[in-house]
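Order-wise, the sequence lines are chains A and B.
Mapping of the first sequence onto numbering that gives the first Met the number 0: residues 0 to 511, in sequence order.
Mapping of the second sequence onto numbering that gives the first Met the number 0: residues 0 to 540, in sequence order.
We treat Cβ as the ideally placed atom computed from N, Cα and C, and that holds for glycine.
First comes the structure, then the notes that go with it.
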Amino acid sequence: MSAIEETKNAISVNRAAPAKASPSIITRLLNLLSSVRFGVSMLSLLAIASMIGMLIMQSSVDGFDKYFAALTPSQKLLGGWLGFFDIYHAWYFNLLLLVLSLNIVLASIERFPGAWVYLKRPKLEVVAAWLRKQTVTQTVEMRADSRAALAERIVKASQSVGFKPIVTEKGNRTYILAQRGTWNRLGAYAVHVALLTIFFGGFLTAQFGRTGSMWLKPGATSNEMSETVFKIEDRNTFRLDKSTAALPFEVFCTDIRQELIRKDGPITADNTIDWLTQIKIKDETGEHNALVHMNRPYDYRGYRFFQASFMNVGHARNIKLSLTPEAGGEPQIVSIARDGSAQLPDGTKIDYVDFQPDFTMQGSQITSQSGEYNNPAAILNVMTPAGERSRAFAFAQELPSSAPVGRAVAGYKFRLADFEKVPEAHMLSIQRDPGTTPFYVGSGLLFITLSAVFFFSHQRVWAIIEESEADSKNFEVVLGGNTNRNSVALEDRFKQLIQAITGKPQEVQEKS
Amino acid sequence: MSEALHNPEVLSSPAELSSPKPEDGNSWSLKSYLPAIIPIVGSLLMVLLRIQMGGDRFIDDGALMMIALACYLTAATFHLTNLYAPSEMAQKIGLWTGCLGVFFNLSSWCVRWVAGYDRELQIFLSQGRSAEEMQWAFRFIPFANLYDLSLAFAFGAGITTMVISGRKNFRFIGAISLPLAALILVLARFIGNDFINLPPVLDSYWRPIHVGIASLSYGVALVCFAAAVIYLLKVGTKPESMAIWAAIFGLGVFASISRFSVFTTGIYTASTFLQGSRMAMPLRADIPYVGLLIIASGVLLLGVIGLFGKYILQQDERARNLGHWLLKLSLVSQACAIVLLVTQVKSMTNVASRINPDQFPQFGAWLAEQQGMTAQQIQAIEPSRFVAASQEFISERGSTLVLSLNANPVELSALITAFAATLFVVFFSFRTEVLRKALPSAEKLDSLMYKTASVAFAGLAMLLVTGAIWANESWGRYWGWDSKETGAFVAWLTYGGFLHSRIARGVTGRRSAYFAVVAFLLVIFTYLGVSYLLPGLHSYA
């Protein structure tokens, strides 16, 4: 009989006791709620519900609108009625989690005394016949001056292989219980405490967590975050619901940057190493500079900022202009940052106003045909030393001098010699999540307790020493032991123990 | 029951204690871990050699993977031989060939790491940037797509097998686990070992931690599955009922391949590529004979289910014998289908002529979508215009359409897995009693199953936790019910169910084993199904 079965029987005896009195509905309900079998059923139900959510697209997933539109009316009706499009927030899913948590708590309470007995009242005496049926068992005949001397020898041997022995004398027999890792019996409870802590964190997140996002480009300021969700209406149509929440501070964007793998490639994700957003947070405590980039969030006053997305429309973080004097001469090179300006030695001032990646004109309207860098152009405001203002365009590609946009302005011909690619805007996502701390604590605890539970075990070995009737110096020693897990490790230790007792390697008979 | 030892030496042994010698009694000594240690040390040497020699003169990761695949299959053959005709020699060859396979498997992964670095370095140097601007080495750790994960998954299964092989009487596990590892490598071969630029969101130190845990715990789960199957066989589950489950699996595969159309149209179609492009076109080419063979295999499997069902319910021996014949015929027919499919995909020219025009309206709509039209605009267009656009596309670019084994990695691997499942059932039904006797005791198998399930459970828990922490670092939420998250969660729940079923009343060993089997199928679903079938954040791997 394994140790597990032993516990099981102890439990079933416990459970049988209240059953003698007429079991009320509440008792029966409690018995059901605290049974492991019920727990396994709950686990299976939870697994099935999660699978449903996996196979049916959830309304929070991108592309749900397309998916939903392709469903038949009856699918929409049934799925909507059963809450399958947002199953993880359905009332029955929450109920399932609640019942499972309750089951964990109740089953733990019911089983704890059984486990506590291992620590509080170890089984000191056993019957030889029972020992011979254990996972490992061996009977040896040994000579010694006295029973006490032999017991002493077995105690020392068990200590030498890592057991803690307890000796009990009773009648003409000596019982030795040698065990290790007794605390392991409680490990499972610690695992469940960790799980409940994680569930609690999840509950806090679901109830009090706020999430939203914010578009930022250099120079922009925002003090609110917004969230879009799909709401299914009339079980057949859905609408986009946008909710905004005010932040207790202002976020100012100072710079955005994109690190590319190929500098001559597009600004798409597959050519990107990192997106970086430089922000300044302003509130009553002052100004706080922060850098947010991929996998490097920034925490402030319980809010967390993440680099979430980018607008796939090309812009230039800084431009390098080549200015050729109309009168002739060597071109000058000028660098200007986004929304910045520069002054030439002759006093001419150039403002970098805007950038079009795929420059085109629709009537007099300047716009971009696409977000890609097909025809990049910087739009500039130029002021001559005399104070005369005019607009200039700097193109990366050579334009015929007849083109009106390519004409010289303020005595210079403008060329876009180089520029650093960057998206038009970045999106930061913002979270306020009070559940994170319990979640992290629970996760840490889970890691420790799982390692402790599965990589250690409670090993017990008993020895019964009995004098032989014919010869008082001759003893029969029955040894046997079990463990709550990893019987292979017990077998090894048992072999070492026998060897330490007899001083000889032994073939240990294993239960087969 | 143990007999008392009447050994005069014991009786006369001196009273003082002799110090215990752990090496003698302890079979978990360093030596027993050698099959696991050698591949790791060897691979480290291999990668040092690769760095020393450079990529041009060194064997590449794809070739190393193929050698690993060959080793796994050879090792499995010897392990299987050893089960039916026990021989020390076969067992040793099985063990060490398997060990060699793990070495090549890990070497392939390590070499790929260096190759990934070299590749991006080339891009940087070609742009006049220096090596100092390169990211730290962890950026190139090969955990970027499903190919990398498959390589690591097979290694996880291989190394777990090697660790367990430290116990001589558990070495047989390689007979099941190594062919499964080989199947994963076959899948990897079909996915193809092209490098991708790492999606920026994956560029985090949590990636090696999270994916590393994933591949190892998936590997342990695979070995647990192998133990569960063997356990079921040992405790008397009939090969015939295993055959029924394998047949249901096979039918499921046949029904779902080629867009669920083989059983309705009788034709198997394969995805096409534009030459030089990595993107599969939504145009499928008919592959002759394969569909018919698949239908034949399916019908035979249906017969197997019926006949074995009759045998199990009514002990009808004739139905049993006939069923075994149908099973073997189905095996042959599946093998023919796979061989014909692979050879034709490799050799077929003039792919355009094999494309059924029925797909044109849909393909035309897809073309329009590629050109940036919105759903409303597409709906307003006449289908005939889509057909015309498709015909134009075919006449212009039809000659550049090609077939590739990489087009449908999961479909092909599923076909091969169904074949392998049938093959194993055929093996199991051959001299089942001899096989049962050769296997260790049910309790030992149960203990192995429990141990591997515990490690898989702990591993999946760590997988979920590290994934959650990483998600919290990059998306700002630690749990979002993303399909991959949920898949791993469901698999974890099932292992939880397995562990609890052992302490629940009235659940016997066999029912526990079913949990272990289902849990592994869920792991596979998480690993493949989610990436290929469901949308979500993990679509890259």
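Subject >> Backbone secondary structure at LYS472(A) - three-state DSSP >> reply: By one-based count along the first sequence, residue 472(A) stands at place 473. Coil, per DSSP.
**OP:** Identify the continuous alpha helix (DSSP H) that holds TYR83(B) and give its terminal residues.
**Re:** As a first step, residue 83(B) must be located in the second sequence, where it is residue number 84. Where TYR83(B) is concerned, the enclosing alpha helix (DSSP H) stretches over 60-83.
**OP:** Enumerate in chain order the residues of its own chain whose CB-to-CB distance from PHE194(B) is below 7 Å, with the five nearest sequence positions on each side excluded.
**Re:** The residue given as residue 194(B) occupies position 195 in the second sequence. Closer than 7 Å at Cβ, skipping near neighbours: GLY115, ARG118.
Original post:
Got a sec: is the Cβ-Cβ distance from ASN355(B) to anything in chain A below 8 Å?
Top reply: Start at 1 with the first residue of the second sequence, and residue 355(B) comes out as number 356. For ASN355(B), the answer is no, since every Cβ of chain A falls outside 8 Å of its Cβ.
Original post:
Under a Cβ-count criterion, where at least 16 other Cβ atoms within 10 Å of its own Cβ denotes burial, should TRP115(A) be classed as buried or exposed?
Top reply: Against the first sequence, residue 115(A) aligns to sequence position 116. The residue is exposed, with fewer than 16 neighbouring Cβ atoms inside 10 Å.
Subject >> Short CB-CB distance (under 8 Å) between VAL555(B) and chain A >> reply: Given that chain B is displayed from residue 0 to residue 540, the structure contains no residue 555(B) and the question cannot be resolved.
**OP:** Could you work out which residues of chain A lie near GLU472(B), taking near to mean beta carbons separated by less than 7 Å?
**Re:** On the second sequence, residue 472(B) is found 473 positions in, with the first residue counted as 1. Those are ASN294, PRO296, listed as they occur along chain A.
Subject >> Residues that SER511(B) bridges to, as DSSP identifies them >> reply: Numbered from 1 along the second sequence, position 512 holds the residue referred to as residue 511(B). SER511(B) is not bridged to any residue.
Subject >> Short CB-CB distance (under 8 Å) between LEU445(A) and chain B >> reply: One-based indexing of the first sequence puts residue 445(A) at position 446. Yes - at least one Cβ of chain B is within 8 Å of the one on LEU445(A).
**OP:** Note the first and the last residue of the continuous alpha helix (DSSP H) segment covering SER412(B).
**Re:** The residue labelled residue 412(B) in the question sits at position 413 within the second sequence. 408-428 is the span of the alpha helix (DSSP H), which, as asked, contains SER412(B).
Original post:
Candidates GLN495(A), VAL476(A), GLU490(A): which alpha carbon is nearest ALA150(A)'s?
Top reply: The count along the first sequence starts at 1 and reaches residue 150(A) at position 151. Nearest option by C-alpha distance: VAL476(A).
Subject >> Runs of alpha helix (DSSP H) wholly within the stretch 7-84 of chain A (minimum 4 residues, chain order) >> reply: 24-32, 35-54, 63-68, 72-81
Original post:
If we call anything under 8 Å between Cβ atoms a contact, is PRO422(A) one with GLN257(A)?
Top reply: Counting from one through the first sequence, the residue named residue 422(A) turns up at place 423. Counting from one through the first sequence, the residue named residue 257(A) turns up at place 258. Yes. Within cutoff.
**OP:** For GLN306(A), name the three-state secondary structure that DSSP assigns.
**Re:** Position 307 of the first sequence holds residue 306(A). GLN306(A) falls in the strand class under three-state DSSP.
Original post:
chain B partners of TRP90(A), CB-CB under 7 Å?
Top reply: Stepping through the first sequence from its first residue, residue 90(A) is reached at position 91. The premise fails here: TRP90(A) is roughly 16 Å from chain B at the closest Cβ pair, so nothing lies under 7 Å.
Original post:
Are LEU422(B) and LEU330(B) touching if we call contact CB-CB under 8 Å?
Top reply: Here residue 422(B) corresponds to residue number 423 of the second sequence, with the count starting at 1. Here residue 330(B) corresponds to residue number 331 of the second sequence, with the count starting at 1. A contact, by the Cβ cut-off of 8 Å.
Original post:
Between TYR299(A) and chain B, is there a C-beta pair that is closer than 8 Å?
Top reply: Taking the first sequence and counting its residues from 1, one reaches residue 299(A) at position 300. Cβ-Cβ to chain B under 8 Å: no for TYR299(A).
Original post:
Grouping DSSP H, G and I as helix and E and B as strand, with all else coil, what is ALA269(B)?
Top reply: Translated into the one-based positions of the second sequence, residue 269(B) becomes position 270. DSSP places ALA269(B) in strand when its eight states are reduced to three.
Subject >> ILE278(A) beta carbon less than 8 Å from that of THR243(A) >> reply: In the first sequence, the residue the question calls residue 243(A) occupies position 244. In the first sequence, the residue the question calls residue 278(A) occupies position 279. No. Outside cutoff.
Original post:
Okay, do the stretch 193-201 of chain A and the stretch 443-450 of chain A touch, 3+ Cβ pairs below 8 Å being the bar?
Top reply: yes
**OP:** On the DSSP bridge assignment, give the partners of HIS314(A) in chain order.
**Re:** Sequence index remark: in the first sequence, residue 314(A) carries index 315 (1-based). Answer is VAL421(A).
Original post:
So what does DSSP say about HIS323(B), is it helix, strand or coil?
Top reply: The residue given as residue 323(B) occupies position 324 in the second sequence. It is helical.
**OP:** Tell whether a beta-carbon distance below 8 Å holds between ALA227(B) and SER176(B).
**Re:** Along the second sequence, one-based indexing puts residue 227(B) at 228. Along the second sequence, one-based indexing puts residue 176(B) at 177. It is not a contact, given that the beta carbons lie outside the stated cut-off.
Original post:
Which two residues bound the contiguous alpha helix (DSSP H) that contains ALA289(A)?
Top reply: Taking the first sequence and counting its residues from 1, the one referred to as residue 289(A) is at position 290. That residue, ALA289(A), is in no alpha helix (DSSP H); its beta strand (DSSP E) goes 285-292.
Original post:
Between THR167(A) and SER40(A), what straight-line distance do the alpha-carbon atoms span, to the nearest angstrom?
Top reply: Residue numbering aside, residue 167(A) sits at position 168 when the first sequence is read from its first letter. Residue numbering aside, residue 40(A) sits at position 41 when the first sequence is read from its first letter. Distance between the alpha carbons of THR167(A) and SER40(A): 44 Å.
Original post:
Quick one: which chain A residues come within Cβ less than 7 Å of SER511(B)?
Top reply: Here the question's residue 511(B) lines up with position 512 in the second sequence. Correct list: empty, because the minimum Cβ distance to chain A is about 10 Å.
Original post:
PHE358(A) lies in the beta strand (DSSP E); which residues open and close that run?
Top reply: Your numbering for residue 358(A) matches position 359 in the first sequence. Unbroken beta strand (DSSP E) run through PHE358(A): 358-361.
**OP:** Have a look at the DSSP bridge pairing and note the partners of ASP285(B).
**Re:** For the purposes of this step, residue 285(B) is taken as residue 286 along the second sequence, with counting starting at 1. Looking at the DSSP assignment, ASP285(B) forms a beta bridge with THR268(B).
**OP:** In the DSSP assignment, find the unbroken alpha helix (DSSP H) run with GLU395(B) in it and report its ends.
**Re:** In the second sequence, counting from the first residue as 1, residue 395(B) sits at position 396. Counting along the chain, the alpha helix (DSSP H) containing GLU395(B) begins and ends at 382-396.
**OP:** Check each residue of the stretch 405-425 of chain A: if its Cβ is closer than 8 Å to any Cβ of chain B, include it; give the result in chain order.
**Re:** none
**OP:** Check whether the Cβ atoms of PRO199(B) and THR284(A) lie closer than 8 Å to each other.
**Re:** Against the second sequence, residue 199(B) aligns to sequence position 200. Against the first sequence, residue 284(A) aligns to sequence position 285. Between PRO199(B) and THR284(A), the CB-CB gap reaches or exceeds 8 Å.
Subject >> Whole-Å CB distance - PHE453(A) paired with ALA457(B), under 8 Å assumed >> reply: Mapped onto the first sequence, residue 453(A) falls at position 454. Mapped onto the second sequence, residue 457(B) falls at position 458. With a Cβ gap of about 5 Å, PHE453(A) and ALA457(B) count as contacting.
Subject >> Per-residue contacts from TYR87(A) into chain B (C-beta, under 8 Å) >> reply: In the first sequence, the residue the question calls residue 87(A) occupies position 88. Contacts between TYR87(A) and chain B, judged by CB atoms closer than 8 Å, involve TRP480 in chain order.
Original post:
So, is the C-beta of THR159(B) closer than 8 Å to a C-beta in chain A?
Top reply: Within the second sequence, residue 159(B) is the residue found at index 160, counting from 1. Not an interface residue.
Original post:
Any residues in the stretch 260-285 of chain A with a beta carbon nearer than 8 Å to a beta carbon of chain B? Which ones, in chain order?
Top reply: ILE260, ARG261, LYS262, ASP263, ALA268, ASP269, ASN270, THR271, ILE272, ASP273, TRP274
Subject >> Exposed unless 16 or more other CB atoms sit within 10 angstroms - verdict on MET52(B) >> reply: Counting from 1 along the second sequence, the entry for residue 52(B) is found at position 53. Exposed is the call here.
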